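Residue numbers (my numbering): 124 to 753.
Dropping the structure here:
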């Protein structure tokens, strides 16, 4: 239930008395045994939440809603724009399928504490596999479907799964991607050998089965349903490897108790969505947004979640999102700014909105990367509803800063994800670790302890957790993001700290420059990177994608953008190069590959990350990047 009231009071309560605040929030969860200690701070910097508590996450996400009389309420709406078979599952149907698949996994040897890797497309079976693993008290690790064999092998060796769950194929736009050959190759490369795999055969491709492979449908048909296994609040629920990992992967751990409490609290309070309402996170279960807000938060809160297999454009057009909202009466949409920039590029006047009744939509949430003011203003004008930024990370699992819709309304400031959420004490620090004045740029850090639901450590690597996040600024979690907090407590995230460039001794944010470039009426999206310069150390270069149907002389565009940068940031920015490109290279989650672009421009051998969506985009612009470094 939404906590209507004053955000400031709630926030102050959370940081002045976290034991009391989160102890009250824990009442939203059904416990087998109540926690003895809310915050265990006996072993800093390894803080643990809800010590002594025992529960099962799957029970809280599924069983309890059925037992409370909501068996017929819709749990999952599966909408595929690329394949037949869209369908809905009620909570009782979801319970039946999850219990059956838990029986399958148990029959293959999966027990409490064991790992299960899930390498699946955006189909209901991916969610069922996650919940079934949690039901057994086991630990799931979802690997984004279609990851290359080598990357999958690295994760197999780190997580050492008992079973791997996969499918015959995934569908990316118009491309059918066969998963089974990639899985087979990964198993050849990996040192660790799982006991079995379970393969969902999809109609587009029939996978060839081997000795350890089990057919999903047949296995479920013969399975004995399995009940929930009780685990400690501090036991791990899942491992999620950070995108773009090279070498030894960095496995973010999420525990059961803190995760259940934080996410159950967050959906009504941050996103304003209550039990029985429809929430759509247009992401993928392979990313943290998918874990938190496709699967767990909506189901923990008793809401309906939309599972969408498709793209914001091209499946079939830039009106795809409006169709889904209208057909399923979506109350809140959560997606990445990239998705809306893609829609804006293809349909700048939002003409495809016509004919779709989207009056059910109350709020649009945009997160995953910096929300540029231009995209904010476009979405606000076209939809006529609040467009709410929020900022968080794979590591935190839920928003660090947001405009919480379950409280009395706060003003929206374009360019800011608003204010710190309960439990997060956000400071901006200089290079020496000293707090800076309001409005001054620096390193964004969060004072320890982090709130529930955030990472307690890395999988099998406590020291790397300390070295990666806690050693830069003692007593703080280093976010790796730069920005500032204004006098009203509004956070401004300008980008990763390695996106701050040094131009002739002046530290400048490429995020600030991107906001100016993106505001040009011809620009659909852009990336500003700093490239090496013999005279000034670094100079910024802008790479822009034009809106569909726009024709502008490149020299005119460059002159206008350079003038805007001089007027709004100053001549010190030294941005003189604006390059028009057909597209920008991105990860599959929609993040622009600025670091890769910067490496190529600087002449370094830069291997494309494993998360790249379309390598041909990078290869097309590589000559332009190499020229920019001249």
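For every residue, glycine included, the Cβ atom is placed at its ideal position computed from N, Cα and C.
This structure is a prediction, so every number in the text was calculated from the model and none was measured.
- Message: Among 467, 265, 442, whose alpha-carbon lies nearest the alpha-carbon of residue 672?
- Response: 467
- Quick one: what's got a C-beta closer than 6 Å to residue 326's C-beta in the same chain, skipping five residues either side? none
- Please report how far the alpha carbon of residue 330 lies from the alpha carbon of residue 272, in whole angstroms. 16 Å
- Task: Verify whether the separation of the beta carbon atoms of residue 605 and residue 553 is less than 8 Å.
- Result: no
- Query: Quick one: what does DSSP say residue 709 is sitting in, helix, strand or coil?
  - Reply: strand
- Query: Taking all protein chains shown into account, do 16 or more other C-beta atoms lie within 10 angstroms of the C-beta of residue 498, making it buried, or fewer, making it exposed?
  - Reply: buried
- For residue 660, does the three-state DSSP call read helix, strand or coil? strand
- Contact belief for residue 520 with residue 395 at Cβ below 8 Å, rounded distance in angstroms: That pair is no contact at about 19 Å.
- For residue 335, which residues of its own chain have a beta-carbon under 8 Å away from its beta-carbon, when the five flanking residues on both sides are left out? 317, 318, 319, 320
- Message: Quick check on the DSSP output: the beta strand (DSSP E) that includes residue 359 runs from which residue to which?
- Response: 359-364
- Query: How would you call residue 516, buried or exposed, if buried means at least 16 neighbouring beta carbons within 10 angstroms?
  - Reply: buried
- Item | Buried versus exposed call for residue 762 [16 or more other C-beta atoms within 10 Å across all chains shown] | Look at the range of the chain in this structure, 124 to 753, and you will see that residue 762 is not part of it.
- Message: Are the CB atoms of residue 294 and residue 233 within a distance shorter than 8 Å?
- Response: no
- Query: With distances taken between CB atoms, is the gap from residue 719 to residue 747 smaller than 8 Å?
  - Reply: no
- Message: Let me check understanding here. Comparing Cα to Cα, which of 372, 231, 302 lies closest to residue 278?
- Response: 372
- Look at residue 807 and residue 493 and say whether their C-beta atoms are less than 8 Å apart. The requested residue 807 is not part of the displayed model; the chain covers only 124 to 753.
- Could you check which residue in 299, 341, 269 has the C-alpha nearest to that of residue 309? 269
- Message: In whole angstroms, give me the CA-to-CA distance for residue 422 and residue 471.
- Response: 35 Å
- Could you name the residues that DSSP lists as bridge partners for residue 263? 239, 361
- In DSSP terms, what residue 457 is bridged to: 404, 488
- Report the three-state DSSP secondary structure of residue 145 (helix, strand or coil). helix
- Query: Rounded to a whole number of angstroms, what is the C-alpha to C-alpha distance between residue 412 and residue 703?
  - Reply: 31 Å
- Message: Just to check my reading of the structure: residue 266 and residue 302 have Cβ atoms closer than 8 Å, yes? What is that Cβ distance to the nearest angstrom?
- Response: Not really, about 10 Å apart at Cβ, beyond 8 Å.
- Decide yes or no for the touch test of the segment 198-215 against the segment 162-179: beta carbon pairs closer than 8 Å, at least 3 of them. no
- Task: Look at the alpha carbon of residue 541 and the alpha carbon of residue 513, and state the distance between them as a whole number of angstroms.
- Result: 7 Å
- Query: Can you name the residues that DSSP bridges to residue 390?
  - Reply: Answer is none; residue 390 lacks a bridge partner.
- Query: Quick one: Cα of residue 377 to Cα of residue 415, how far?
  - Reply: 11 Å
- Rounded separation between residue 626 and residue 224 - CA only: 57 Å
- Task: Could you name the residues that DSSP lists as bridge partners for residue 607?
- Result: 615
- Keeping to the same chain, check which residues put their C-beta closer than 6 Å to that of residue 134; ignore five residues upstream and five downstream. 545
- Within 10 angstroms of its Cβ, does residue 657 collect 16 or more other Cβ (buried), or is it exposed? exposed
- Task: Determine the direct distance from the alpha carbon of residue 410 to that of residue 756, and round the result to whole angstroms.
- Result: Only positions 124 to 753 of the chain appear in the structure, and residue 756 is not among them; the question remains open.
- Query: At what residue ranges does the segment 128-192 contain a whole run of the alpha helix (DSSP H), taking only runs of 4 or more?
  - Reply: 130-139, 141-148, 187-190
- Message: For the segment 170-189 against the segment 377-386, do three or more pairs of beta-carbon atoms, one drawn from each stretch, fall closer than 8 Å, so that the two count as touching?
- Response: yes
- Task: Count the C-beta pairs between the segment 283-290 and the segment 183-199 that are closer than 8 Å, then say yes if the count reaches three, no if not.
- Result: no
- Contact check, residue 401 vs residue 479, beta carbons under 8 Å: no
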